[in-house]
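To start, the structure under review is shown below, and the notes come after it.
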Ligand code: NDP
Ligand code: 2IT
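Residue numbers (my numbering): 2 to 451.
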């Protein structure tokens with residue numbers, strides 16, 4: 002115990018020194034090595050080969066300028082990155098994020114998490130992430146198109162179906178992936194599955210759009226089922242109102258839950274009657290077509306809107322954070338627990354601050370960490386790659402069943418790698434971290450000093 006604490010402090014000091022000014026990356030690594038250092042001390046082959054040091058250093062990072070012209074004829078300059086983190090078990094795979102607060106630190110945290118998440122899916126995918134400090138909000142379709150096309154002029158030489166396969170994330174949805182893929186295809190003169198999340202008419206997979214949200218709810222269902230419970234009748238609180246949030250609401254409602262909140266960066270709505278399928282259809286139109294604000298929901302359906310507030314003060318059985326990193330701070334976690342939350346299942350990446358994670362683990366609730374709970378999105382991206390390589394398309398039912406299988410397998414892996422506990426409680430953080438790590442680490446050991 003003392004040895005592990007000392008080793009952890011030493012490791013984190015070194016990491017902070019090598020990665021100054023990168024708080025999100027340091028946080029993501031801290032959460033993982035808190036679990037893994039005791040494990041590698043018990044499994045010395047990983048320790049002696051310095052696997053943790055090697056695994057926290059990206060293989061390569063590409064940084065480049067993206068210039069484009071706005072509708073007024075002004076020349077705009079953004080910065081873009083692709084972090085190719087680790088390709089030990091397959092080509093780099095992970096989304097692109099367009100948001101004004103994207104930094105190298107954010108993309109390194111996301112790339113690092115992606116390595117372990119992709120390993121958990123059981124599919125042959127390494128981990129990567131990319132993005133730009135570009136704000137799509139308020140831009141016309143043509144401006145977004147010019148930005149995407151310009152970005153791809155540089156990115157295309159670094160990606161490929163067997164090297165690195167980008168997809169969507171915050172600010173990158175069907176529209177952006179289409180512009181990116183259209184330009185990639187033109188530059189490379191090849192029609193291959195180098196991006197995922199494509200439109201159904203040009204190589205996309207059924208259920209990819211729904212996969213992260215659906216998968217997140219399937220993971221919650223697995224956790225509940227493991228202790229003899231279900232979603233039926235549970236009050237659910239969801240944050241965000243983008244891709245992941247919308248399909249989390251859809252599946253949670255279908256499985257008998259009642260979802261009472263949604264949010265965006267400006268505030269949250271509280272609808273105690275529940276967001277039923279008709280209201281959700283209205284939200285889809287609001288967000289996917291009109292690109293409006295969630296505040297309009299409160300006006301449309303006559304419910305409460307809390308300006309500038311996250312939804313965590315609403316009493317619930319299950320919380321699904323589906324917006325962004327660090328959206329559950331220590332005080333939010335305390336409030337959720339005080340109000341009796343039984344399940345926290347993460348659709349977003351690293352939504353819970355490390356103090357909140359510790360509170361959830363101390364109270365032994367069912368806590369599904371992002372790399373396990375939101376792996377359904379990249380899982381179905383992996384299935385899209387398979388379909389592209391086979392040059393065929395699976396039915397909706399086939400893909401959904403495979404997605405359910407992937408989430409069930411991830412749950413089982415977490416249970417089998419969780420430390421034994423007399424009361425049967427599963428530590429999904431340890432389970433996910435160790436299970437994801439072992440596969441990548443064994444590949445790295447097999448390769449020798451790489
Ligand atoms: P979208 O862009 O579709 O939606 C993002 C939502 O989160 C919006 O409601 C947005 O509000 C809100 N949000 C974004 N940034 C902030 C912020 N800084 N503060 C408060 N609210 C914010 O993205 P996705 O739904 O695709 O992604 C949501 C989360 O899920 C991210 O953490 C992403 O990494 C993760 N994820 C996504 C996957 C996918 O397949 N898309 C797969 C796995 C994880 P606003 O419109 O006001 O900005
Ligand atoms: O964080 C994630 O897993 C994603 N944004 C999805 C990545 C992908 O390649 O589908």
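Where is the CB? At the ideal position from N, CA and C, for every residue including glycine.
130 is the residue among 130, 14, 445 whose C-alpha sits nearest the C-alpha of residue 93. Per the C-alpha coordinates, the member of 66, 26, 233 positioned closest to residue 86 is 26. Approximately 7 Å separates the beta-carbon atoms of residue 97 and residue 169; this is inside 8 Å, confirming the contact. Where residue 265 is concerned, the enclosing beta strand (DSSP E) starts and stops at 262-265. One thing to note: residue 213 has its Cβ within 8 Å of the Cβ of residue 245.
Measuring C-alpha to C-alpha distances from residue 285 to each of 302, 300, 251 identifies 251 as the nearest.
Relative to residue 305, the option among 321, 262, 267, 313 whose CA is nearest is 262.
The stretch 236-243 and the stretch 310-329 touch, with no fewer than 3 CB-CB distances between them shorter than 8 Å.
At least one heavy atom of the ligand NDP lies closer than 7 Å to the C-beta of residue 325.
The three-state reading of DSSP puts residue 228 in coil, since its state is none of H, G, I, E or B. Residues of the same chain with their beta carbon placed closer than 7 Å to that of residue 399 are lacking, with the five preceding and five following residues left out of the count. Here the stretch 73-83 does not lie against the stretch 41-59, with fewer than 3 beta-carbon pairs under 8 Å apart.
If you ignore the 5 residues before and after residue 276, its C-beta comes within less than 6 Å of the C-beta of 250, 260, all in its own chain and listed in chain order. With a 10 Å radius around the Cβ and a threshold of 16 neighbouring Cβ atoms, residue 311 comes out buried. Annotation: residue 7 to residue 389 spans about 48 Å, alpha carbon to alpha carbon. Within the stretch 98-143, the runs of beta strand (DSSP E) that reach at least 3 residues and sit entirely inside it are, in chain order, 128-133. Going by beta carbons, residue 298 and residue 368 fall outside the 8 Å limit. Given a length threshold of 4 residues, each whole run of the alpha helix (DSSP H) inside the stretch 352-423 is given here in chain order: 355-363, 371-374, 376-391, 397-418. When DSSP states are grouped into helix, strand and coil, residue 75 belongs to the coil group. The closest heavy atom of the ligand 2IT lies less than 7 Å from the beta carbon of residue 375. Residue environment: residue 363 is assigned as exposed (fewer than 16 neighbouring CB atoms within 10 Å of its CB, all protein chains considered).
Shown here for residue 315: same chain residues with a beta carbon closer than 7 Å to its own, the five before and five after excluded, namely 238, 261, 262, 271 in chain order.
When C-beta atoms of the stretch 186-195 are compared with those of the stretch 145-161, three or more pairs fall below 8 Å, so the two segments count as touching. Under the three-state reduction of DSSP, residue 329 is assigned to strand. In this structure, residue 153 and residue 124 do not form a Cβ contact; the two beta carbons are roughly 25 Å apart against a cut-off of 8 Å. Taken in chain order, the whole beta strand (DSSP E) runs of length 3 or more contained in the stretch 190-260 are 236-239. Cβ contact annotation for residue 374 (same chain, cutoff 6 Å, sequence separation greater than five): 217, 220, 346, 347, in chain order. Judged by their CB atoms, residue 290 and residue 317 are not nearer to each other than the 8 Å cut-off.
Residue pairing by DSSP leaves residue 187 without any beta bridge partner. Restricted to the stretch 26-80, the beta strand (DSSP E) segments that are unbroken, complete and at least 3 residues in length are 61-70, listed in chain order. In this structure, residue 118 and residue 379 form a Cβ contact; the two beta carbons are roughly 6 Å apart against a cut-off of 8 Å. In the DSSP assignment, residue 300 falls within the unbroken alpha helix (DSSP H) covering 296-302. Within the DSSP secondary-structure output, residue 161 pairs in a beta bridge with 165.
Contact annotation: residue 248 and residue 215 have beta-carbon atoms nearer than 8 Å. For residue 306, the pairing in a beta bridge is given by DSSP as 270.
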